[in-house]
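Down below is the structure, laid out as structure tokens.
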Amino acid sequence: MQSLCSGAAAPSKVSASRQEPATGFGSRIQRLASRPHQARLAAPRRATTLERQAPAVSADPKGLMFFKDGSLEEVDPEIAALVVKEKRRQVTGLELIASENFTSRAVMTAVGSCMTNKYSEGLPGARYYGGNEFIDEAERLCQRRALAAFGLDPAEWGVNVQPHSGSPANFAVYTALLKPHDRIMGLDLPHGGHLTHGFQTPKRRVSATSVYFESMPYRLDEATGLVDYDALERSALLFRPKLIIAGASAYSRDFDYARMRAIADRVGAYLMADMAHISGMVAAGVVASPFPHADVVTTTSHKSLRGPRGGLIFFRKGLEAEINQAVFPGIQGGPHNHTISGLAVALGQAATPEFRAYQQQVLSNSRALAERLRAHGYTLVSGGTDNHLILVDLKPAGIDGARAQHVLDAVHITLNKNSVPGDKSAVVPGGVRIGTPALTTRGLREADFERVGDMFHAAMGIAKELSDSTPGDGKLRAFVAHLDANKDTHAGIKALAKEVEEFATAFPMPGL
Numbered sequence: 001m002q003s004l005c006s007g008a009a010a011p012s013k014v015s016a017s018r019q020e021p022a023t024g025f026g027s028r029i030q031r032l033a034s035r036p037h038q039a040r041l042a043a044p045r046r047a048t049t050l051e052r053q054a055p056a057v058s059a060d061p062k063g064l065m066f067f068k069d070g071s072l073e074e075v076d077p078e079i080a081a082l083v084v085k086e087k088r089r090q091v092t093g094l095e096l097i098a099s100e101n102f103t104s105r106a107v108m109t110a111v112g113s114c115m116t117n118k119y120s121e122g123l124p125g126a127r128y129y130g131g132n133e134f135i136d137e138a139e140r141l142c143q144r145r146a147l148a149a150f151g152l153d154p155a156e157w158g159v160n161v162q163p164h165s166g167s168p169a170n171f172a173v174y175t176a177l178l179k180p181h182d183r184i185m186g187l188d189l190p191h192g193g194h195l196t197h198g199f200q201t202p203k204r205r206v207s208a209t210s211v212y213f214e215s216m217p218y219r220l221d222e223a224t225g226l227v228d229y230d231a232l233e234r235s236a237l238l239f240r241p242k243l244i245i246a247g248a249s250a251y252s253r254d255f256d257y258a259r260m261r262a263i264a265d266r267v268g269a270y271l272m273a274d275m276a277h278i279s280g281m282v283a284a285g286v287v288a289s290p291f292p293h294a295d296v297v298t299t300t301s302h303k304s305l306r307g308p309r310g311g312l313i314f315f316r317k318g319l320e321a322e323i324n325q326a327v328f329p330g331i332q333g334g335p336h337n338h339t340i341s342g343l344a345v346a347l348g349q350a351a352t353p354e355f356r357a358y359q360q361q362v363l364s365n366s367r368a369l370a371e372r373l374r375a376h377g378y379t380l381v382s383g384g385t386d387n388h389l390i391l392v393d394l395k396p397a398g399i400d401g402a403r404a405q406h407v408l409d410a411v412h413i414t415l416n417k418n419s420v421p422g423d424k425s426a427v428v429p430g431g432v433r434i435g436t437p438a439l440t441t442r443g444l445r446e447a448d449f450e451r452v453g454d455m456f457h458a459a460m461g462i463a464k465e466l467s468d469s470t471p472g473d474g475k476l477r478a479f480v481a482h483l484d485a486n487k488d489t490h491a492g493i494k495a496l497a498k499e500v501e502e503f504a505t506a507f508p509m510p511g512l
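Positions 1 to 512 (UniProt numbering) are the ones given, in order, by the sequence shown.
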């Protein structure tokens, strides 16, 4: 078998269950070589420069090592088979989760390299372990590229690239700037915010942020679907937060960072921007930037930025010591050097003209899909989009996000159910969140996303039909059982699943 995660697409004619064993998968990929964009991916792999320049390594003919250093297929065929199945799922389906993307072969190579072996607590030049001269070079390079990608002056801004993901990056900021039980304000989760921005319910403090700090949410104006800045200001004047968060996980419009800066100044608060979803678009200059107004900016690296799964914290220079000490030794131990190396690769790509063109296409595709959904009669929270995502309120269509997600999974379209303003339940919310970065990475353009909108509409028709015919109490569990009993024989599901797979496999897939 070739590389387990070969970038070639899987065959278009597959069973509805897509339960194909790993054996035979490589031969099917070879038959796709007649497609121009897949010929390169299916060709025999040549040794990379990295492999050619690496020191010669003994094959251990004397058996000195305790374990055979074999391939994944040899060492763990069970995981190897699952990797192949997951790759096949990604290639043959339509990935519309707004927080996901397909990273590059180069990033994957760095993440899977020997950089994973090294322990390096501390910062470059100040480690608690020896042997970090090249790790230091890699991290410093990553820091320089991070500042350059966002056009930041190193005299004014610094960056910590060690957070393991976005959530610990946010908590490190709170640890650095706040004392326990200080007050924060973030966008309410049912209105598009993130758990780490202080979400709690009347009965439970859901996130660690709400456990250790006192939080008050700000919300959308439900009539417009836009952040209600006037209400935010009134609440801030009463609540007197120490920190205000500008950022979201399901908000399709730009934030008014200047207005939020003014509110923060009026109450003596720090302004933190969480740009996890939009950081790639910020780097490309296609959405508003928080940097002119924020004290601290956090982000993940694997969403629109197309990097590995990690996090970054940008900070004004006056906050450098507090932020760095909060990351380590405050909440983390050693950094993930393989991730930092992959992040450096992604940040290098983010500074290119090609990356800007890609992000412009992400936005154009998002708007094209939004218009197609509006033409089908769907209600979009805020009426449209300024970024990579669309939040669809399905309640007027007579369906909910949970049932929609189950049916979409059955036809190989992946997105997530999502709360929309007015919802009472996060388990059975009224909407879905749709994003365009991943499929734009695969080469889809506006007309392709219009077709994606048509397939989404067809799936919603099936969901409504099955919901109306669900026996018993009609609750979600009964609906799922009804779907499972019918998905292998339902003509609409079978036809749409076939259409989705044939459409998806016509596009290339990056990576290993």
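Note that CB positions come from ideal geometry on N, CA and C, so glycine has one too.
Where residue i falls, given that 16 or more other Cβ within 10 Å makes a residue buried
| i | result |
| --- | --- |
| E222 | exposed |
| K475 | exposed |
| E86 | exposed |
| Y128 | exposed |
| K303 | buried |
| P180 | exposed |
| P471 | exposed |
| I245 | buried |
| K417 | buried |
| E501 | buried |
| E139 | buried |
| V327 | buried |
| N117 | exposed |
| G186 | buried |
| T23 | Residue confidence for T23 is low, a pLDDT of 47 falling below 50, so the modelled location carries little weight and cannot support an answer. |
Rounded C-alpha distance that separates residue i from residue j
| i | j | result |
| --- | --- | --- |
| A504 | N486 | 24 Å |
| A169 | K317 | 17 Å |
| L32 | A497 | Confidence is the limiting factor: at L32 the pLDDT is only 36, short of 50, which leaves the residue's position unreliable, though a coordinate-based value still follows. Computed Cα separation, rounded: 20 Å. |
| G193 | Y257 | 16 Å |
| T103 | I340 | 14 Å |
| N337 | K62 | 32 Å |
| G310 | T379 | 34 Å |
| A236 | Q349 | 39 Å |
| Q359 | E137 | 29 Å |
| V420 | L238 | 26 Å |
| G268 | I413 | 46 Å |
| residue 515 | V297 | Nothing can be reported for residue 515: it is not among the residues displayed for the chain, which extend from 1 to 512. |
| T175 | P154 | 24 Å |
| D142 | F255 | What sits at residue 142 in the sequence shown is Cys, not Asp. Distance between the alpha carbons of C142 and F255 is about 28 Å. |
| G443 | L94 | 12 Å |
| K464 | E78 | 38 Å |
| M272 | V173 | 8 Å |
| A375 | A288 | 28 Å |
| K395 | S425 | 13 Å |
| L512 | V84 | 11 Å |
| G166 | F67 | 35 Å |
| T196 | S215 | 11 Å |
| L243 | P335 | 27 Å |
| E233 | I263 | 6 Å |
Where the beta strand (DSSP E) through residue i begins and ends
| i | result |
| --- | --- |
| L64 | No beta strand (DSSP E) holds L64; DSSP gives it neither H nor E. |
| M216 | E214 to Y218 |
| R309 | Neither: R309 is in no beta strand (DSSP E) and is coded neither H nor E. |
| G461 | From DSSP, G461 is part of no beta strand (DSSP E) but of the alpha helix (DSSP H) over E446 to D468. |
| A246 | L243 to G247 |
| G334 | Run containing G334: none; DSSP gives neither H nor E here. |
| T440 | Unbroken run through T440 is the alpha helix (DSSP H), P437 to T441; no beta strand (DSSP E). |
| V159 | W157 to N160 |
| V297 | V296 to T300 |
| K417 | N416 to N418 |
Rounded Cβ spacing between residue i and residue j (contact assumed at less than 8 Å)
| i | j | result |
| --- | --- | --- |
| G435 | L389 | 5 Å |
| H293 | R261 | 4 Å |
| A149 | A283 | 5 Å |
| G342 | V111 | 4 Å |
| L123 | N324 | 6 Å |
| L312 | P163 | 7 Å |
| residue 518 | D393 | An answer regarding residue 518 cannot be provided, because it is not within the stretch 1 to 512 covered by the chain. |
| D306 | G280 | Checking the displayed sequence, the identity of residue 306 turns out to be Arg instead of Asp. Sure, about 6 Å apart at Cβ, within 8 Å. |
| R219 | D228 | 6 Å |
| L373 | G453 | 5 Å |
Opening and closing residue of the alpha helix (DSSP H) in which residue i lies
| i | result |
| --- | --- |
| M275 | It is not in any alpha helix (DSSP H) - M275 carries neither H nor E in the DSSP assignment. |
| N387 | Counting along the chain, N387 falls outside any alpha helix (DSSP H), and DSSP gives it neither H nor E. |
| K494 | A491 to A504 |
| L369 | P353 to A375 |
| I399 | I399 -> no alpha helix (DSSP H), and no H or E assigned at all. |
- For the region 176–233, which segments carrying the beta strand (DSSP E) assignment without a break, of at least 3 residues, lie completely within its bounds, in sequence order? Here the runs fully enclosed are 183–187 and 214–218.
- Message: Please give me, in chain order, every unbroken run of the alpha helix (DSSP H) with length at least 4 that falls completely inside the region 87–146.
- Response: Positions of the alpha helix (DSSP H) runs, each at least 4 residues long and wholly inside the region 87–146, are given as 105–111 in order along the chain.
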